[in-house]
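Participant: Can you read through this structure? Questions will come right after.
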Amino acid sequence: MRVKNYEEWLQAVNTEHRKLSEISYYLNEKGVERMRAFETLGNLADFCATPQELLAWIDGKEGLDKDDVANLESSHIMLAISALRRIAKAREKGVNP
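Going by my numbering, 188 is the number at position 95 of the sequence shown; the sequence numbering is gapless.
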């Protein structure tokens with residue numbers, strides 16, 4: 094996932110979810126898992142103003158049900174979470190990656 098800031102990251106996550114939603118009828122089990130994982134990630138991001146807030150929620154899993162936790166632990170979104178960590182780290186250093 095090549096994004097430069099949190100806003101681009103959020104747009105990429107929502108675009109991936111939308112793309113999968115549009116073809117959800119044709120998705121196999123793994124595709125549905127991917128769609129749900131991106132949906133969870135996007136939904137949580139809607140409540141967070143910064144990547145640090147979102148990472149704290151993802152890492153702490155506070156107030157999340159077991160399905161949300163499973164979605165956040167999915168291998169389907171590991172690259173997206175890695176990109177989010179990179180953006181948060183750069184933001185802490187005052188650099189825009």
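C-beta: ideal position from N, C-alpha, C; glycine also.
For clarity, every value in this text was computed on a predicted model and none was experimentally measured.
(1) Note down the Cα distance separating LYS159 from CYS141, rounded to an integer number of angstroms.
(2) Output yes or no for whether 8 Å exceeds the beta carbon distance between LEU165 and THR133.
(3) Does the distance from the CB of LEU103 to the CB of LEU113 come in under 8 Å?
(4) Our contact map puts ALA138 next to SER167 with C-beta atoms below 8 Å; I'd like the distance itself, whole angstroms only.
(5) Output the distance between the C-alpha atoms of LYS123 and MET171, rounded to the nearest integer angstrom.
(6) Secondary structure at VAL96, three-state DSSP: helix, strand or coil?
(7) Considering just the uninterrupted stretch of the alpha helix (DSSP H) at PHE131, what are its terminal residues?
(8) Under the rule that 16 or more other beta-carbon atoms within 10 Å means buried, what is VAL125, buried or exposed?
Facilitator: Concretely, from the data shown:
(1) Counted from its first residue, the sequence shown places residue 159 at position 66. Counted from its first residue, the sequence shown places residue 141 at position 48. About 20 Å.
(2) For the purposes of this step, residue 165 is identified with residue 72 of the sequence shown, where counting begins at 1. For the purposes of this step, residue 133 is identified with residue 40 of the sequence shown, where counting begins at 1. Yes.
(3) Locating residue 103 in the sequence shown gives position 10, where the first residue counts as 1. Locating residue 113 in the sequence shown gives position 20, where the first residue counts as 1. No, Cβ-Cβ distance for LEU103 and LEU113 is not below 8 Å.
(4) As a first step, residue 138 is located in the sequence shown; it is residue number 45 there, counting from the start. As a first step, residue 167 is located in the sequence shown; it is residue number 74 there, counting from the start. About 15 Å separates the Cβ atoms of ALA138 and SER167, ruling out a contact at the 8 Å cut-off.
(5) By one-based count along the sequence shown, residue 123 stands at place 30. By one-based count along the sequence shown, residue 171 stands at place 78. When rounded, the distance between both Cα atoms is 15 Å.
(6) The residue you call residue 96 lines up with position 3 of the sequence shown. Of the three classes helix, strand and coil, the one that applies to VAL96 here is coil, per DSSP.
(7) Walking along the sequence shown from the start, residue 131 turns up at place 38. Segment 122-138, the alpha helix (DSSP H) holding PHE131.
(8) Along the sequence shown, one-based indexing puts residue 125 at 32. Around the beta carbon of VAL125, a 10 Å sphere encloses fewer than 16 other beta carbons of the protein chains shown; the residue is thus reported as exposed.
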